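K.L.:
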Amino acid sequence: MAGCVSLGVCYYPEHWDRSLWESDLLRMTDVGITTVRIAEFSWSITERTEGNFTFDFFDGFLDLCERVGMNVIMCTPTATPPAWLTEKYPESLNADINGVRYGHGSRRHYNYNSPKYRELSARVVRALAEHFARRRCVIGWQIDNEVNCEADVFYSESDDGAFREFLRARYGTPDELNRAWGCAFWNQTYNSFDEVHVPRPTVNGAHNPHGMADYIRFISDSAISFVKMQADIIREYKKPDDFITTNGMFGHLDNHRMTREALDVFMYDSYPNFAYGTGSHPERGMADRGWSRDLSAVRSISGNFGIMEQQTGANSWNTWGMSPQPKPGQIKLWAMQSAAHGADYISFFRWRTAPFGTEIYWHGILNYDNRDTRRLCEIGEIHKTLSSLSGLAGSAYEARYAVVRDYDNIFDCDVDAWRRALDGESVEGLFRASQHLHAPCDYVYIDDGADVERLMRYRVLFYPHAAIMTEARSRLLYEYASRGGVIVFGCRAGYKDENGHCPMRSLPGLVGEWCGADVDDSTAQAGGDAPASVRWGDGKFPAGVYADFVTPKDGAEPLAFYEDAWFAERCALTRKSVGGGCAYYYGGTFTEPAAREFIARLGLAEPYADTVAVPEQCEIAARGGYLFILNFAHTESEVEFHRPVSDAETGGPLRGPHTIPPYGVLVVRV
Amino acid sequence: MAGCVSLGVCYYPEHWDRSLWESDLLRMTDVGITTVRIAEFSWSITERTEGNFTFDFFDGFLDLCERVGMNVIMCTPTATPPAWLTEKYPESLNADINGVRYGHGSRRHYNYNSPKYRELSARVVRALAEHFARRRCVIGWQIDNEVNCEADVFYSESDDGAFREFLRARYGTPDELNRAWGCAFWNQTYNSFDEVHVPRPTVNGAHNPHGMADYIRFISDSAISFVKMQADIIREYKKPDDFITTNGMFGHLDNHRMTREALDVFMYDSYPNFAYGTGSHPERGMADRGWSRDLSAVRSISGNFGIMEQQTGANSWNTWGMSPQPKPGQIKLWAMQSAAHGADYISFFRWRTAPFGTEIYWHGILNYDNRDTRRLCEIGEIHKTLSSLSGLAGSAYEARYAVVRDYDNIFDCDVDAWRRALDGESVEGLFRASQHLHAPCDYVYIDDGADVERLMRYRVLFYPHAAIMTEARSRLLYEYASRGGVIVFGCRAGYKDENGHCPMRSLPGLVGEWCGADVDDSTAQAGGDAPASVRWGDGKFPAGVYADFVTPKDGAEPLAFYEDAWFAERCALTRKSVGGGCAYYYGGTFTEPAAREFIARLGLAEPYADTVAVPEQCEIAARGGYLFILNFAHTESEVEFHRPVSDAETGGPLRGPHTIPPYGVLVVRV
Amino acid sequence: MAGCVSLGVCYYPEHWDRSLWESDLLRMTDVGITTVRIAEFSWSITERTEGNFTFDFFDGFLDLCERVGMNVIMCTPTATPPAWLTEKYPESLNADINGVRYGHGSRRHYNYNSPKYRELSARVVRALAEHFARRRCVIGWQIDNEVNCEADVFYSESDDGAFREFLRARYGTPDELNRAWGCAFWNQTYNSFDEVHVPRPTVNGAHNPHGMADYIRFISDSAISFVKMQADIIREYKKPDDFITTNGMFGHLDNHRMTREALDVFMYDSYPNFAYGTGSHPERGMADRGWSRDLSAVRSISGNFGIMEQQTGANSWNTWGMSPQPKPGQIKLWAMQSAAHGADYISFFRWRTAPFGTEIYWHGILNYDNRDTRRLCEIGEIHKTLSSLSGLAGSAYEARYAVVRDYDNIFDCDVDAWRRALDGESVEGLFRASQHLHAPCDYVYIDDGADVERLMRYRVLFYPHAAIMTEARSRLLYEYASRGGVIVFGCRAGYKDENGHCPMRSLPGLVGEWCGADVDDSTAQAGGDAPASVRWGDGKFPAGVYADFVTPKDGAEPLAFYEDAWFAERCALTRKSVGGGCAYYYGGTFTEPAAREFIARLGLAEPYADTVAVPEQCEIAARGGYLFILNFAHTESEVEFHRPVSDAETGGPLRGPHTIPPYGVLVVRV
């Protein structure tokens, strides 16, 4: 099965009687699982008391794995420190904004900056790597678990001190910090770095926004440096072909840089059933189909990635709302969603439902009773299908356009409620439109060192609200357009600099120098105003929550105009030729109707229409010469093939109408 | 008036000028009140400074009581420690989960475990008992006030230490605790009891669920031991016929054990008007009629109980929403609701509305102005009616079936959100159905020492979601069925053990051995799924928030099947003969329509239909040879007597149609 | 332009490059701005390190102001202490109720009672006054900024100690405090002032309500004394004609006493666009038109006041929801609303939008880009219109009736949720009715020293819910009525004394002695009851959330009766002649329909109907011989002049129909 996507599972030998291990491993093998991930919450098993290491437990398990031919991904255990550790070294604990320390008994309650925690973490990682790295069955390492999950803010004394050092290194003098943070406002001027702290409670919950941006950068740096410290140790010991990864994609973290600097590959934890728990809103974010958006972001980190935890059962904890079991077909649907979007490895969470602990309702493949389940059968079916898709692993997802993202602006959304509202509306609208028009797209993350060649892969780039713009990024996009690319800006581009200040210059700031638009005023649309629409030729769509008033300049042409609001007849959209390509400046947000209009007019809609007609309720994804048609609906979907293709699994020919069952997947070779 | 229910009132001599006492007592006597409860918030009157006791104030009041022939229930004052005490001994205070101590100025801000608070409490209780117990007018003692009201979680240092001792006594070694708490999960293993704490803040608000169960048991034990300490002291001094009680029924407390071990009788505080305050939802829980459910639970603690505080006026504090005055008739309706359900003593709260303090809007019988009120008249009417119901006091409420409850599962609902959702739906549904079908029922609480004879009183038992099941309880229920009883299980029976673990065994676990059902899979119903229905012959009803997939075994017959959902056609209900009786296993929850179907099919509906036809908006209760018809509606109710009965109050005959006014009560002798 | 309202702007020289100052000042002059307010958040500029004062920065700016003829309002900088100060003297910081101190980085995080903060504040104020007071351009001083904004509760150690001193001074002995606070309730008795604290967390969030009333008085006193300390220092240095003020009107503060004791004039910050941000409810409070209510309250503090901050752009912070830009015309509309209601000075906030800091979205006249805006033009138009209204400044707003307010009852609303609900409904209802019936009204604040002559200005007084009544105030109102006034009481009058106790007397308490009403019972209307209506002759209106049952006495006549509720047919309204006037007692609240009925029947509606007919969507205000017609609607309004008047701006005659554009203002000379 050369080049096939392979399967794994998350297993907790420490949760089960040792007598179950062998039958568990054999039953895994039966359904095509070839790898287990273990040990990510097991520090006390290796180091039950400070400094005393024992390896018997996992040695025994690995012996068995080698006997049955099971591969192992070994984890470092730093996500859950032992009780003895936090009791003796409370400085290892994270705290809330009031300075109240978190206690033992859950997970991720530590901080990245305590020297003592770093020392003890390094020691246990070294002990594990030294002992287990040469084991034949070990094929890779996971560092920590779900970095920045749950807590992505840190307020301990250890963090307070480290934040000061971070700022000292960044700014050198207090006056540089005063300038960067705009401390002239509200008399926030510092005379010494010793006066600066991690955020503390304020009467109105507000903090200096530029300082908050630095605080988020500091958190990201802290996490990366903690992960890198572990990766460096493991690299001293691991076998050459073994990989280093971590799992999950969480906030206040530059996952791209973390992957670049510390990991070999990035892995994601995919739980689309989160869309269906008590209190969730399935109509928002396209429910489980919305995970395709996350997978697109993951793909931008590692073109071919892994899913370390792929959902197999009802999720949630004892402390919050119920969720249903995946309906028949959904486990396969979600696994194929991952594979279609670029996963080369899919590891299910978890083998058997936990019999105790907070995750007692985080269902695995098996129920408490250990009997075979329909979910286990479905794993077997996934294996069967993936085995037939040779050459899929390692191949690339095909997209003709991309949405541009960057961490400056992403972090700014966490600081700035206005920004957040714009981004939320546009990212959602573009995603929905791309799904409904079957127009696969990528996310492309850029920073000041980004290479224009990467951008040239795409005919069109949407950069929804590039509020923070730098010289380097503006030049990069200009070059992209000059060489034939089409760049579409959304409202509020370029009004901030890297520190989040709003410099005194006409908008859209740096990109205004070449994109053909001048924005002399703007307004949020809120609070009972009649919402503005945009008229673009025959098309009309809502302008969204914000509206820039655009004037074409430098030969740009006005394309669309506002209607219905008090600023009706002002221009809403301009286009200007730039070298071989062009730039659009759009004054609103990309609500779904707006995004549909752009995608259709720019010739991006329905790229596979010659091959097959598919209803809106199905997603199309193309990868490795295969076309994946994913039916997320609880009803059948009728598709129609306009030219002959073959069913990738059966090899049989397909032509004309074809029915995909509810939650069904059809993969064709084109 | 032999065997009549007697009346009392809550009175605060310390709130009023001494010159009012006598006229107050005489006006009480005028309307039939024979007992006053006093002194529950009066520590400073007896012990104004540490260790210096004075008794003049209450001696003066008791002298007057004896003069006018008023009985007195005396209270211990520990619910509100003096300011000097908490200022000098802050370890007496309870704290929030962050460890922030509560301050003086409200009530119930102390903790049960501070040695100093126990010492000072014991001393003041002894002083009071020693001085007042022999007083002729004293007929009983109330300990503390509303134990566990408001605060049923405790986080002080005193509690932290006591919790460790509780665990040390329960488990002996850390490894036993590690096993019971499933500490292998998330690396929570303890090496020493010194590492274990009361819950502290965590990043996600989650704590070890098995530890939480122990924490709730610890709170219950702490409260019981605090009450028992006081009861033991009072018993040294009280006159032989005087009783010891406490009031109110609150969470995290095994009220049954507390009553068994420390009290002579249990008393409840009944405030049905809570259903009608600002922001309340009168459509939920059947508004004031819902208090019948609480009274049924109270009855299971003390078959004949007291109401220590029976609502007489608009309730609430200065800090929260307004509530209306009871409408004419409601005070009597609610008092008769208490009497119908088993109260032998009804004490109204309070004589006159507080002129100051947080409860300035907790209206009593009289308003601030001290004039006679219509509410005072209504007390007189209650007295008149109750005086005509001879033999009622001491008699038993009549129920043909019961809902089984136990503290393991009740406490589990406080730990486990999934469980809580099931129980909430079923307890509510069974109650509504029993009310609308005029099918009086009991709650029966069982523990491992429960006696089957108690169960045999009932033809049918519903045990909605017996998630935690023990060998002893399974045997008990088996014996009940064998001897002719009908036991009905709801979904999720037996999937947990006493520690809240989910053992690896087929479901429904221990009861699966004899109840004829096998449950191989299940699902929550949430998040936009089409909700499943259950088809039972001609009947069809919603399955509720959860569905077990049931397979009959051991000769059981399948009775009902799911419809509408993806698991349609799976079996939803089985019945198996067990000796002279039988066991039903039902895979859903007891929504009201489901509960109606069960009650009707099991022949429990309308047991008084031969006597009288009553609309759904009225409750029927039978006690001591009387039939109470309670009209909770704001409209008249038409009833029709099918055979002659007599009006219990007038003695007059009733036959054929009869009208009960809005909020009216009709008691007939059958 | 004798007697014209003048214009100013808020300017932050420290936010901008010095090279911009001159062009900024000249552009201000161009649109008629003659004054700038500066320096309210600039402590560090003057005192960058402890005790070292420098004045160069503002000297440079003032030199320029004098050169271009710009007046300056100078501010004291105490609203935002320097970082060095709070780092070195953390006792200067305010704290939350848990005792957690607020940190640096926002504003108003200090407390009024720290001796060190008072010392350092006094020193910096003295330094500023000494240096700048004689400057020619300086015309006035603003103390601090928005006193009690954001934080109007204080829990620091400094406050805790000061509160004890406040109580010691107020009560002398603990037993006096025990009486005043009703400490007999819940055993709250204190033996020593040392046992009393600022509010601390309690298990139920409740505190002694009488203590809370004192706590609010204490906060008000603390703020006033802090402001007065600064004013006294400035008075030592300021030029004789320069004024002292502060800005904004916030809670827990007797703004009348503060103005009387410390200021020369009171200024308000007017942001009507708050009605239109994300999440606001424009249908509530009449949106921006609702600011007329606040302006009426401001007018009661200073008959002719200033607007220190008048909105010119979209408001809000980076941390919360978006708001739209004012629509064309609205800036002028809001400025004219201020002028119509009594403002003699209008200072816009702010010149140019902040380029950094938390208020980065608090838009000024100019955008970030510094280009001329339509908002700048609108300032010019405001200047033009106001310049034509000679004699307006210094003239009085005309009202024929007033709503009576007092701080005892206002503070009581912050303690008492029941009171708050009544007041909220009636203040809103009376305002809406006065607006829709074009019946301008005043607020008149009374205390025990109030003068009856002030009241005699009004034909009618509404005193909605005078719960707390004193002998002096009752006598004052009796004298008002005796001399021909009409006083209308709403429900619940007189049931509390000054401490918030409910004395044992028949209601409506002290005013019951002369107002002709007896209230023997009452009820809140809540929780699903059918809401009562009131029938007054032909009129019928909802009784609101509360209903007193009124009986006429002493020759009073019953005028209206309840309908629909269970207390239908009870009397709802009485009238009694009192000397030359009369007293009404109304048992409900002044919902808008109720208030309309009263205003119409008392002959207060449409006082300008002979001159002009105006639709409900416009406000009418009369001041200085001018009639202002303010169109708050987004549609045109048609008015019709019944007799000739002249357009105040053009001098042109107006007769018959006339159209006012959306958001337009018409000022006519009558």
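Protein chains in written order, with the numbering used here: chain A, -8 to 661; chain B, -8 to 661; chain C, -8 to 661.
By construction, the Cβ of each residue, glycine as well, lies at the ideal position given by its N, Cα and C atoms.
The structure presented is a predicted model; accordingly, all values stated were derived computationally and were not measured.
1. Could one say the Cβ of residue 494 of chain C lies closer than 8 Å to chain B's Cβ atoms, at least one of them?
2. Could you tell me which chain B residues have their CB closer than 8 Å to the CB of residue 316 of chain A, listed as they occur along the chain?
3. Against chain B, does residue 347 of chain A count as a neighbour if the rule is that its beta carbon must be under 8 Å from one of theirs?
4. Report yes if the C-beta distance between residue 426 of chain A and residue 637 of chain A is below 8 Å; otherwise report no.
5. 8 Å is my cut-off, CB to CB: does residue 637 of chain B come that close to chain A?
6. What is the DSSP secondary structure of residue 497 of chain C, counted as helix, strand or coil?
7. May I have a chain-ordered list of the alpha helix (DSSP H) segments no shorter than 4 residues that lie completely inside the region 164 to 242 of chain A?
8. Name, in chain order, the residues that DSSP records as bridge partners for residue 630 of chain C.
9. Could you give the DSSP three-state label for residue 436 of chain A: helix, strand or coil?
10. Going by CA-CA distance only, name the one from C:155, C:312 and C:373 that's closest to residue 328 of chain C.
11. Is there contact here, the region 496 to 508 of chain A with the region 522 to 537 of chain A, by at least three beta-carbon pairs under 8 Å?
12. State the Cα-Cα distance for the pair residue 308 of chain A and residue 352 of chain A, rounded to the nearest angstrom.
13. Should residue 105 of chain A go down as buried or exposed, given a rule of 16 or more other Cβ atoms within 10 Å for buried?
14. If the criterion is Cβ atoms closer than 8 Å, does the pair residue 507 of chain B and residue 574 of chain B meet it?
15. Whose Cβ in chain A lies nearer than 7 Å to the Cβ of residue 414 of chain B?
16. Taking 8 Å as the CB-CB limit, is residue 263 of chain B close to chain C?
17. Is it the case that the region 517 to 536 of chain A contacts the region 432 to 442 of chain A, given that we only count it when at least three CB pairs across the two stretches are under 8 Å?
18. Between residue 407 of chain C and chain B, is there a C-beta pair that is closer than 8 Å?
19. Smallest Cα separation from residue 27 of chain A: which of A:65, A:49 and A:47?
20. Using the rule of at least 16 other Cβ atoms within 10 Å of the residue's Cβ for burial, across every protein chain shown, is residue 633 of chain B buried or exposed?
21. Please classify residue 175 of chain C as buried or exposed, where buried requires at least 16 neighbouring CB atoms within 10 angstroms.
22. Can you tell me which of the three DSSP states residue 37 of chain A falls into?
23. Can you give me the Cβ contacts of residue 439 of chain B inside the same chain, cut-off strictly under 7 Å, excluding the 5 residues immediately before and after it?
24. At the level of alpha carbons, what is the spacing between residue 160 of chain C and residue 154 of chain C?
25. Who pairs with residue 542 of chain A in a beta bridge, going by DSSP?
26. Chain B beta carbons: is any one of them nearer than 8 Å to that of residue 105 of chain A?
27. Run down chain C in chain order and give the residues with a C-beta less than 7 Å from the C-beta of residue 557 of chain A.
28. Are the C-beta atoms of residue 643 of chain A and some chain B residue less than 8 Å apart?
29. Alpha carbon to alpha carbon, how far is residue 556 of chain B from residue 340 of chain A? Give it in angstroms, no decimals.
P.N.:
On the basis of the supplied data:
1. yes
2. 512, 513, 514 and 515
3. yes
4. no
5. no
6. coil
7. 165 to 171 and 200 to 228
8. C:649
9. strand
10. C:373
11. no
12. 6 Å
13. buried
14. yes
15. The contacting residues do not exist; residue 414 of chain B stays about 13 Å from chain A at best.
16. no
17. no
18. yes
19. A:65
20. exposed
21. buried
22. helix
23. 461, 463 and 464
24. 10 Å
25. A:509
26. no
27. 318 and 319
28. no
29. 26 Å
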